[in-house]
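Heads up, the sequence shown is in the numbering used here, so the first residue is 32 and it goes up one at a time.
C-beta atoms are modelled at their ideal positions from N, C-alpha and C, and glycine is treated no differently.
Each remark here refers to the structure printed beneath this line.
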Amino acid sequence: MKKYYVTVNGKKYAVEVEEVKGDLVIPETSKVSANTEKLIDNTEIQTKVEEPKVVESTVVSKEPVEGEKIECPMPGTIIRIPATEGSSLKKGDVIMILEAMKMENEIMAPRDCKVLSINVAKGEQVNTGDILAVIE
């Protein structure tokens, strides 16, 4: 067993590390939060916080529209909306593309129809059950 002394946020801790051959050992530790970390050779790891991205909304319909609602099947992000309000679609035409779990999922017209409203914008986060579009 090897013993190390680690300083976190100005407080010194004694840490014992045991070498185990062949198996992964996950040590039990108390939680410590810090903005940066120091490696054993005292080099710092820089952390970077990115500004949140602003997505411009392109939603046209603000009022509820009567018709068949197309609901979101799973949480994800809308990455493309090839259909537009007023467009006529055939059964199987793509209304929009939802990215979920790093996969692109096509939201398709269930039958020949006309798009009455698109209720989401490209880049928008959506959840299961959200109304994505309304068709005639």
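> Do you know how far the Cα of M134 is from the Cα of V146?
Replying inline: What you label residue 146 is simply residue 115 of the sequence shown in a count that begins at 1. What you label residue 134 is simply residue 103 of the sequence shown in a count that begins at 1. Their Cα atoms are separated by approximately 25 angstroms.
> Quick one: is N150 buried, meaning 16 or more other Cβ sit within 10 Å of its Cβ, or exposed?
Replying inline: The count along the sequence shown starts at 1 and reaches residue 150 at position 119. Its Cβ being crowded by 16 or more others within 10 Å, N150 is buried.
>> For a test of the three-state rule: what should DSSP assign to N152, helix, strand or coil?
In response: Here the question's residue 152 lines up with position 121 in the sequence shown. Rather than Asn, the amino acid found at residue 152 in this sequence is Ala. Under the three-state reduction of DSSP, A152 is assigned to coil, being neither helix nor strand.
> From K121 to E97, what does the alpha carbon distance come to, in whole angstroms?
Replying inline: Taking the sequence shown and counting its residues from 1, the one referred to as residue 121 is at position 90. Taking the sequence shown and counting its residues from 1, the one referred to as residue 97 is at position 66. Between K121 and E97, the C-alpha separation is close to 20 angstroms.
> Around the C-beta of G107, are 16 or more other C-beta atoms found within 10 angstroms, so that it is buried, or is it exposed?
Replying inline: Start at 1 with the first residue of the sequence shown, and residue 107 comes out as number 76. When all chains shown are included, G107 counts as buried.
> Taking all protein chains shown into account, do 16 or more other C-beta atoms lie within 10 angstroms of the C-beta of V46, making it buried, or fewer, making it exposed?
Replying inline: Walking along the sequence shown from the start, residue 46 turns up at place 15. So V46 ends up on the exposed side.
>> Closest to N136 by C-alpha separation, out of M127, D143, C144, would be which residue?
In response: Here residue 136 refers to the residue found at position 105 when the sequence shown is read from its first residue. When only C-alpha atoms are compared, the closest one is M127.
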